[in-house]
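*Asks:* Those sequence lines, one after another, are chains A and B.
Going by the working numbering, the letters in the first sequence line up with residues 1044 to 1273, in that order.
Going by the working numbering, the letters in the second sequence line up with residues 1044 to 1273, in that order.
Cβ atoms here follow ideal geometry from the backbone N, Cα and C, with glycine treated the same way.
2 protein chains.
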Amino acid sequence: MGNNLPRILIVDDEPAIQRFLRTALDSCEFSLHQAENGHAALAATVTTKPDVILLDLGLPDMDGVEVIRRIRQWSQVPIVVLSVRDREGDKVKALDAGADDYLTKPFGVGELLARIRVALRRSLQQAPEPVYRIDELEVDLARRRVLVRGEEVSLTPTEYELLRLLVVHAGKVLTHRQILKQIWGVGYLEQPHVLRVNISNLRHKLESDASRPHYILTETGVGYRLKAKS
Amino acid sequence: MGNNLPRILIVDDEPAIQRFLRTALDSCEFSLHQAENGHAALAATVTTKPDVILLDLGLPDMDGVEVIRRIRQWSQVPIVVLSVRDREGDKVKALDAGADDYLTKPFGVGELLARIRVALRRSLQQAPEPVYRIDELEVDLARRRVLVRGEEVSLTPTEYELLRLLVVHAGKVLTHRQILKQIWGVGYLEQPHVLRVNISNLRHKLESDASRPHYILTETGVGYRLKAKS
DNA sequence: CTGGCATCTTGATACTTTCTTGATACCTTT
DNA sequence: AAAGGTATCAAGAAAGTATCAAGATGCCAG
């Protein structure tokens, strides 16, 4: 149905919980979708573009925290964790990975609804586009695809991570140290060479003239910057 | 001192809780402020512009939910409720009034900190850093970009540092020695030449007529001054 | 287990930008 | 006109950057 009710994606592998949530939420206020495992959840996040995700941490195929982390690579969609795990460490890990809220089962339906409304309040007031188009360069963070003049370009994992970092901060200067810390870890803080090589490689794949960069600009003595969206 | 630690406003009338929270949060990561009742909380929200508010619902002078409602009339600052009341109805009321999170006492310090980080994440990412606009000159400190008549100007690291210093103190006179110490270090205190060369270079990049400076003004015998914001 | 493949790391080298410095010209005040 | 402070130019030195390519690493398929 092409309605415009708020879309909620329920990620849980237990049919009982799925049923319970559907009953609780199915008052015609929401358009409900579901996924039974982590990979399905990631796919569904791309395809259904939910306004809120209700995520159980105990999934059969991958760790729930990893699901959060992957979604946060490209999306700001509010994630409310529903879990039986009441240990503080679990909560902290999930929240720091990017979750917005954490509810411990069992919880009241009223509270769940209220917390969903909180999440929706934020979701609706900000709708950022997950596809960055800058002149002839197109980066689809959700699908992990990069196009130059319509042609798909294949990047190595490091190259893609580097480009993603630049895209997320498009327009801002990222210092060498910020990039090195983010991608190679604190051990490489004093080793800008590895970064330069990767920037060079990226440019040769993305730019039409690598020696006259159009997208990835050098800020001498400081770092690099991706051209801002026009 | 004009530090920029995240500001947290603690609203609670019990000294014991105040002490507990101050201890828990006082790891030099936050700048803490407090209010003992609802009216003080509203006033403090205006004056200290906190990045997060920790609010106890049981205040002596007015209902906590009413405090939330009043703040929400003009501010989007994240509000995390800390309360002994565990009734679902209380949670729903507070959340629907505009609170972002609701923690029932007793709670773990780790969880509290994690939920504060969640709130800060949102608070900080939607707060754009100020842009200094002085006539036709525009300095965006967050993006490290300088525009003159809409055209981007590229500055060397030293030139940018110098301009940044001037911008931060726009309108005030900075002595030669202050600038030299700040940018070149104490070893250059008696060497104003290097500063003059850089001021000259900056002017040629920013001013339409470098010999008749409009932005970077010379205070003969004293130092330099950037024209104040109009 | 082994070879092949893609990727990552590292070193050498050429190249570019930025910094420093000295020489010199320019104001402005007395 | 002299003096003290200021502005500009340009060249060498220093610092930072780009690129190629060889060796190291790790993974997958046969």
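Helix, strand or coil: how does DSSP classify H1076 (chain B) here?
*Replies:* Strand.
*Asks:* Taking 8 angstroms as the CB-CB limit, is G1107 (chain A) close to chain B?
*Replies:* G1107 (chain A) does not count as touching chain B.
*Asks:* Which residues in chain B sit within 7 angstroms of E1154 (chain A), going by Cβ to Cβ distance?
*Replies:* Within 7 angstroms Cβ-Cβ: E1131, K1134 and V1135.
*Asks:* On the premise that R1050 (chain A) lies in contact with D1099 (chain A), defined as a C-beta separation below 8 angstroms, what is that separation, rounded to the nearest angstrom?
*Replies:* That belief does not hold up - the Cβ atoms of D1099 (chain A) and R1050 (chain A) are roughly 18 angstroms apart, past 8 angstroms.
*Asks:* Grouping DSSP H, G and I as helix and E and B as strand, with all else coil, what is D1099 (chain A)?
*Replies:* Three-state DSSP puts D1099 (chain A) in a strand.
*Asks:* Under 6 angstroms Cβ to Cβ from A1084 (chain B), same chain only, skipping five residues before and after it: list those, please.
*Replies:* Contacts found: V1054, A1078 and V1110.
*Asks:* From L1205 (chain A) to N1241 (chain A), what does the alpha carbon distance come to, in whole angstroms?
*Replies:* Roughly 8 angstroms between the two C-alpha positions.
*Asks:* Should the segment 1102–1119 of chain A be regarded as contacting the segment 1125–1135 of chain B, the criterion being three or more beta carbon pairs within less than 8 angstroms?
*Replies:* Flag = no, the segment 1102–1119 of chain A and the segment 1125–1135 of chain B do not touch.
*Asks:* Compute the distance between the beta-carbons of P1173 (chain B) and D1143 (chain B), then report whether it is under 8 angstroms.
*Replies:* Going by C-beta atoms, P1173 (chain B) is not nearer than 8 angstroms to D1143 (chain B).
*Asks:* How many angstroms separate the CA atom of M1044 (chain B) from the CA atom of T1263 (chain B)?
*Replies:* Its pLDDT being 45, under 50, M1044 (chain B) is placed unreliably in this model, and the value from its coordinates should be taken loosely. About 29 angstroms.
*Asks:* Roughly how far, in whole angstroms, is the beta-carbon of V1238 (chain A) from the beta-carbon of H1219 (chain A), given that I think they are within contact range, below 8 angstroms?
*Replies:* The amino acid occupying residue 1238 (chain A) in the given sequence is Leu; Val does not appear at that position. That pair is a contact at about 6 angstroms.
*Asks:* What first and last residue would you give for the beta strand (DSSP E) that runs through E1057 (chain A)?
*Replies:* Where E1057 (chain A) is concerned, there is no enclosing beta strand (DSSP E), given that its DSSP letter is neither H nor E.
*Asks:* Ignore the nearest five residues each way along the sequence and tell me which others in L1075 (chain A)'s own chain have a CB closer than 7 angstroms to its CB.
*Replies:* Same-chain partners within the cutoff: I1051, I1053, R1065, L1068 and D1069.
*Asks:* Alpha carbons only, please: which of A:S1243, A:G1101 and A:K1270 is nearest the one belonging to K1215 (chain A)?
*Replies:* Selected option, being the one with the closest Cα: A:K1270.
*Asks:* Kindly say whether D1139 (chain B), judged by its beta-carbon, lies nearer than 8 angstroms to any beta-carbon of chain A.
*Replies:* Answer yes: the Cβ-Cβ gap between D1139 (chain B) and chain A drops below 8 angstroms somewhere.
*Asks:* Please report the Cβ distance between D1106 (chain B) and N1080 (chain B), rounded to the nearest whole angstrom; I am assuming they are in contact, meaning their Cβ atoms lie under 8 angstroms.
*Replies:* Between N1080 (chain B) and D1106 (chain B) the Cβ distance is about 11 angstroms, and since that is not below 8 angstroms, they are no contact.
*Asks:* Just the Cα atoms here: how many angstroms apart are K1272 (chain A) and L1260 (chain B)?
*Replies:* Near 35 angstroms, if we compare the C-alpha coordinates of L1260 (chain B) and K1272 (chain A).
*Asks:* Using a C-beta to C-beta distance shorter than 8 angstroms, which residues of chain B count as neighbours of R1160 (chain A)?
*Replies:* Here the neighbours are L1138 and D1139.
*Asks:* Could you name the residues that DSSP lists as bridge partners for K1051 (chain A)?
*Replies:* According to the sequence shown, residue 1051 (chain A) is Ile rather than Lys. Answer by DSSP bridge pairing, in chain order: A:L1075 and A:V1095.
*Asks:* On the premise that D1056 (chain B) lies in contact with L1102 (chain B), defined as a C-beta separation below 8 angstroms, what is that separation, rounded to the nearest angstrom?
*Replies:* So it is a contact: roughly 6 angstroms between Cβ atoms.
*Asks:* Helix, strand or coil: which one does DSSP assign to L1269 (chain A)?
*Replies:* Strand at L1269 (chain A).
*Asks:* Scan the segment 1212–1243 of chain A for residues whose Cβ lies nearer than 7 angstroms to a Cβ of chain B and list them as they occur along the chain.
*Replies:* For the segment 1212–1243 of chain A, which is checked against every Cβ of chain B, the residues closer than 7 angstroms are G1214, K1215 and V1216.
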